[in-house]
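Visitor:
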Amino acid sequence: MQNHEWLDKRTPRSVDELRLWSENPRLTPGEQHISLSDYTEDFTSEEPERISFFELAKAIVKQGFVPFDPIIVWQNPANGKFYVAEGNRRVLILKLLRTPNKAPRQYRGFFRNLSAQIARDTIAKVMVNVAPTFDDSIWYINQRNNNSSLQRSWGRVQQQRWVNDLYVKYSGDLEKIRDVTNMSQADLEAIIRIIKIKDFVVENEVAKHLSEEIYEKATSRNFPITILERLLASPTVREKWGVEYEGVNVNIISNKSSFYEMFADLIKKIVLRDTVYRDSPDRITTRTVTTHLEDILNGLPSVSFEPDVTVPEKVEASVVADKTAAVEEEVRDEEVSVSEQRVSLKNDPNRHFLIPNFYEISTTNYRLNGLFDELQRIRITHKNCIGACLRVLLDLSVLNYINNEGLETAISSAYRVNLRDVPLKKRIEYIKTHKLTGNTQKIANRLLDENGEYSLDVLNGYIHGADTHYLTKSFLNNFWSSLFPLFELFLDIKEKDV
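For the sequence shown, the numbering used here begins at 14 and goes up steadily by one.
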């Protein structure tokens with residue numbers, strides 16, 4: 014019987030010295046997590062997670078850090094450092110409140126404001142439970158994330174990946190995993206099987222049928238794996254597709270090429286269920302797999318049972334290896350083509366949308382997020398709207414940069430008025446003088462030149478003026494392109510992965 018006396022003992026540890034756990038199931042597998050910024054971006058990658066993260070930060074500032082749930086750490090014997098097994102979000106927030114300049118640029122203003130409202134020495138140390146080893150902390154991790162609702166528990170995919178990690182760690186010893194997780198053998202086998210099936214996505218024969226966008230969504234941690242679970246729970250489905258279970262093994266007894274083609278189509282329909290297939294009779298959701306199963310099966314390609322030249326595939330008991338590298342090798346030529354298309358679109362004065370849709374920003378400012386998104390979806394034929402919105406976007410972007418860089422007090426002091434009374438032109442002048450160098454400084458100079466073609470005066474004219482000769486598609490597109498380095502700095506614009 015495992016000894017859990019260490020759970021009754023709490024000791025103070027320096028927040029700055031605690032290390033975050035890079036293998037946390039909340040984090041995206043395969044990505045590097047080195048800086049606090051890396052962890053923050055991953056913990057806030059989805060809107061519900063971002064909201065929860067910021068609400069927790071505000072609650073800590075308002076109420077103080079209240080350790081209702083333990084923070085579990087273990088000491089790595091290799092370097093003597095203490096790593097957080099449970100409580101990574103809370104420790105990360107405490108670190109950001111102590112050093113807000115280490116937050117991602119888009120969140121620095123938010124954490125600077127919160128940090129100013131709390132005495133940093135009050136969160137210099139936290140009480141932690143020190144597990145004798147990482148293995149000793151596993152029991153609590155499972156209890157906390159399977160049963161507790163005091164804080165944000167792992168989602169279904171995160172729990173499944175955790176079981177998968179334990180399966181690897183304990184070399185497939187289900188008895189050991191049962192002891193750790195308190196799950197039945199049947200539940201464990203079901204989880205491991207469905208992960209293997211979901212990981213068919215990275216097989217070359219499946220990936221080649223998927224667009225880059227669908228592949229990215231299908232391999233993300235937010236893919237709705239519960240839909241696959243419910244489909245494959247049906248004996249009718251397994252029989253029709255030639256899927257047989259043997260413990261944790263998944264045997265494909267149908268023609269594997271035919272199966273992979275069907276599986277790729279299935280993945281597409283799951284990913285696009287709320288867009289392309291929203292009104293389709295064979296739309297695939299957790300509800301329709303029960304109510305419209307026949308329609309769903311009829312809407313997918315038939316799976317052949319004619320034998321392949323090779324032996325029918327059997328997925329071995331070892332966990333499916335990561336085949337992403339092989340997929341990337343196969344689509345490399347296509348990726349080069351996509352990259353070239355992006356470069357061409359950036360420089361195309363006749364593109365149909367002001368902001369290409371492969372750009373993205375991440376900010377806590379709802380209006381800024383919304384406006385950026387709308388300028389990617391509103392056709393540039395709506396020229397008056399686009400022109401006015403570009404001026405508003407610049408205003409919001411400059412304010413976003415000021416907040417993130419903590420320049421509010423400096424600008425107010427420089428012009429001896431409250432920041433809200435400092436006009437946009439003077440805000441840009443201050444940033445140009447004190448923060449910009451090289452190309453961005455030159456662009457700011459052109460923007461402030463009243464006689465310039467791509468000037469702030471022209472932008473103001475979109476709102477207050479009556480001239481129309483600056484409202485052509487090519488001019489608006491070129492205006493955005495000329496200002497892009499500034500917007501890139503102010504908003505931390507990034508390109509979506511190819």
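Note that beta-carbon positions come from the ideal geometry of N, C-alpha and C, so glycine has one too.
Fair warning: this is a prediction, and the values are worked out from it, not measured in the lab.
Under the three-state reduction of DSSP, which class applies to T394: helix, strand or coil?
Guide: In the structure shown, T394 sits in coil (DSSP, three-state: anything other than H, G, I, E or B).
Visitor: Using the Cα positions of K336 and V411, report the straight-line distance between them to the nearest angstrom.
Guide: Reliability fails at K336, whose pLDDT of 45 lies under 50, so the model's placement of it is uncertain and the value that follows must be treated cautiously. Spanning the two alpha carbons is a distance of roughly 43 Å.
Visitor: Leaving out five residues before and five after V302 in sequence, what residues of the same chain have Cβ atoms less than 7 Å from its Cβ?
Guide: Cβ neighbours of V302 beyond the five flanking positions: I240, R243, L244, I309.
Visitor: Using DSSP bridges, identify the partner residues of F366.
Guide: R392, per the DSSP bridge assignment.
Visitor: What's the C-alpha gap between Q198 and E188?
Guide: One C-alpha to the other measures close to 8 Å.
Visitor: Where DSSP assigns a beta bridge to K138, which residues make up the other side?
Guide: Per DSSP, S27.
Visitor: Kindly indicate the opening and closing residues of the beta strand (DSSP E) around E60.
Guide: Run containing E60: none in the beta strand (DSSP E); it sits in the alpha helix (DSSP H), 60–76.
Visitor: Give me, in chain order, the residues of the same chain whose beta-carbon lies closer than 8 Å to that of I368; leave out the 5 immediate sequence neighbours on both sides.
Guide: Around I368: F385, L388, Q389, W493.
Visitor: Using 8 Å for Cβ pairs, my map puts V193 next to I151. What's the rounded Cβ distance?
Guide: V193 to I151, Cβ: 5 Å. Contact.
Visitor: Could you name each continuous alpha helix (DSSP H) segment of 4 residues or more that falls completely within the segment 266–320, going from the start of the chain to the end?
Guide: 269–284, 301–304, 306–311, all fully within the segment 266–320.
Visitor: When we look at the beta-carbon of V86 and count the other beta-carbons within 10 Å, is it buried (16 or more) or exposed?
Guide: Flag for V86 reads buried.
Visitor: For a quick check, are the C-beta atoms of T24 and P117 less than 9 Å apart?
Guide: No, the Cβ-Cβ distance between T24 and P117 is not below 9 Å.
Visitor: Measure the C-alpha to C-alpha separation of N473 and R404 and round it to an integer number of angstroms.
Guide: Distance between the alpha carbons of N473 and R404: 7 Å.
Visitor: Hey, is the segment 124–140 in contact with the segment 428–444, meaning 3+ C-beta pairs nearer than 8 Å?
Guide: No contact exists between the segment 124–140 and the segment 428–444.
Visitor: Can the beta-carbon of Q119 be found closer than 9 Å to that of N417?
Guide: Contact flag set, yes.
Visitor: Going by alpha carbons, who is nearest to P149 out of G185, L110, E99?
Guide: The amino acid at residue 149 is misidentified as Pro; the sequence shows Asp. Here the closest residue by C-alpha is E99.
Visitor: Under 9 Å, do F366 and K509 count as touching if we go by C-beta distance?
Guide: Taking 9 Å as the Cβ cut-off, F366 and K509 do not qualify as a contacting pair.
Visitor: Exposed or buried, K455, counting other C-beta atoms within 10 Å across all chains shown (16 or more means buried)?
Guide: Exposed: under 16 other Cβ atoms inside 10 Å.
Visitor: What residue range does the alpha helix (DSSP H) around F124 cover?
Guide: 118–128 is the extent of the alpha helix (DSSP H) around F124.
Visitor: Looking at V97: is its Cβ nearer than 9 Å to the Cβ of W34?
Guide: Closer than 9 Å, so yes.
Visitor: Under three-state DSSP, which class holds Q45?
Guide: Looking at Q45 - three-state DSSP - the assignment turns out to be coil, as it is neither helix nor strand.
Visitor: Taking the DSSP output, what are the residues bridged to Q88?
Guide: In DSSP, Q88 forms a bridge with F95.
Visitor: Distance check for D82 and L20, CA to CA, integer angstroms please.
Guide: Approximately 11 Å, taken between the alpha carbons.
Visitor: Are there any heavy atoms of the ligand MG lying less than 8 Å away from the beta-carbon of S352, as far as the coordinates show?
Guide: Judged by which ligands are present, the structure shown has none, so any question about the ligand MG falls away.
Visitor: Hey, would you say I441 sits closer than 9 Å to L420, going by beta carbons?
Guide: No, they are not a contact pair.
Visitor: For V143, list the residues DSSP reports as bridge partners.
Guide: In the DSSP output, where bridge partners are listed per residue, V143 has V86.
Visitor: Are the segment 488–508 and the segment 210–220 touching by the rule of at least three beta carbon pairs closer than 8 Å?
Guide: They do not touch, by the three-pair rule.
Visitor: Could you check what DSSP says for V256 in three-state terms: helix, strand or coil?
Guide: Correct three-state label for V256: strand.
Visitor: Let's test the definition: count the other Cβ atoms within 10 Å of the Cβ of I47 and tell me whether it reaches 16, buried, or not, exposed.
Guide: So I47 counts as exposed.
Visitor: Between S331 and the rest of its own chain, which residues show a CB-CB distance below 8 Å, the 5 nearest in sequence each way excluded?
Guide: Residue placement at S331 is poorly supported in this model, since its pLDDT is 45, which falls under 50; the coordinates are not used for a value here.
Visitor: Please report how far the alpha carbon of Y290 lies from the alpha carbon of I297, in whole angstroms.
Guide: Computed Cα separation, rounded: 8 Å.
Visitor: How big is the Cα-Cα spacing for N195 and V176?
Guide: The alpha-carbon atoms of N195 and V176 are separated by roughly 11 Å.
Visitor: Mapping DSSP to helix, strand and coil, what is E373?
Guide: In the structure shown, E373 sits in a strand (DSSP, three-state: E or B).
Visitor: Specify the secondary structure class of K359 as computed by DSSP and reduced to three states.
Guide: Helix at K359.
Visitor: Would you call the segment 446–455 and the segment 352–361 in contact, with 3 or more CB pairs under 8 Å?
Guide: Counting Cβ pairs under 8 Å, fewer than three are found: no touch.
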